[in-house]
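**Student:** Just so you know, the sequence shown maps onto residues 2 to 186 in this note's numbering. One structure is given below, represented as structure tokens, and several questions about it will come after.
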Amino acid sequence: MVTASDFRNGLTVEIDGDVCQIIDFQHVKPGKGAAFVRTKYKKVITGGVVETSFRPTEKFENAHIDRTEMQYLYDDGDMYNFMNNENFEQVQLSHEDAGDQMKFVKENELVKVCSYNGKIFSIEPPTAVELVVTETEPGFKGNTATGATKPAIVETGAQVNVPLFIEQGEVIKIDTRTGEYLSRA
């Protein structure tokens, strides 16, 4: 059990039946009245952000999120399939639950599968991946203004803005958190 006065950034607790991660907190002691903890937290499973206040003595259950490294096997059309490399157990995650988290992940790549009480709710891809550019327009001479970019399609089907000098067939590094081009690989 954790009290609101013990909140720290990144702490994961259960609030009203939802798994929540504390984003920001502030202990407030007004001139009049009782002290309180102003809190901003993110509902881990749904992604919603909530701001509210708690009494410092309110108690909450610790919520332990399991992050298991698994290999992405394939997409069967409705579900993404993953395998635990230690015990060879296979699990599935629906396209709706995965959202955009799989758009830079190719087959046989290792990802972290996040679960709470045995229910998988999200995927954490590697922070940077190397992918081949399968489709892009050629850059034209004279179009070299600072920071000029063009759209490119990578091997997973995702679209990324890349500098004009990147051509089809090149391997590029992409930040999976922002979807931005980092460098040539």
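Beta carbons: idealized from backbone N, C-alpha and C, even for Gly.
(1) Is Val161 closer than 7 Å to Ala153 when the C-beta atoms are compared?
(2) For Gln1, which of Lys104, His96, Asn109 and Arg39 has the nearest alpha-carbon?
(3) Can you say whether Phe105 is buried or exposed, counting buried as having 16 or more other CB atoms within 10 angstroms of its CB?
(4) What is the C-beta distance between Cys21 and Lys41, in whole angstroms, given that I count them as a contact (C-beta under 8 Å)?
(5) Going by CA-CA distance only, name the one from Tyr182, Asp76, Asn118 and Pro164 that's closest to Glu131.
(6) What is the DSSP secondary structure of Met84, reduced to helix, strand or coil?
(7) Express the C-alpha separation of Val172 and Pro139 in angstroms, rounding to a whole number.
(8) Residue range of the alpha helix (DSSP H) that Glu131 falls in?
(9) For Thr69, list the residues DSSP reports as bridge partners.
(10) With 16 other CB atoms within 10 Å as the buried threshold, where does Tyr75 fall?
(11) Buried or exposed, going by whether 16 or more other CB atoms sit within 10 Å of the CB of Ser184?
(12) Could you check whether Gln91 and Phe80 sit closer than 7 Å to each other, using their CB atoms as the reference points?
**Tutor:** The structure says:
(1) yes
(2) This structure cannot settle anything about residue 1, because the visible part of the chain is limited to 2 through 186.
(3) buried
(4) Not a contact, Cβ separation roughly 10 Å.
(5) Tyr182
(6) strand
(7) 16 Å
(8) It is not in any alpha helix (DSSP H) - Glu131 instead sits in the beta strand (DSSP E) that spans Ala129 to Thr137.
(9) Val114
(10) exposed
(11) exposed
(12) Just to set this straight, residue 80 is Met in the shown sequence, not Phe. No, they are not a contact pair.
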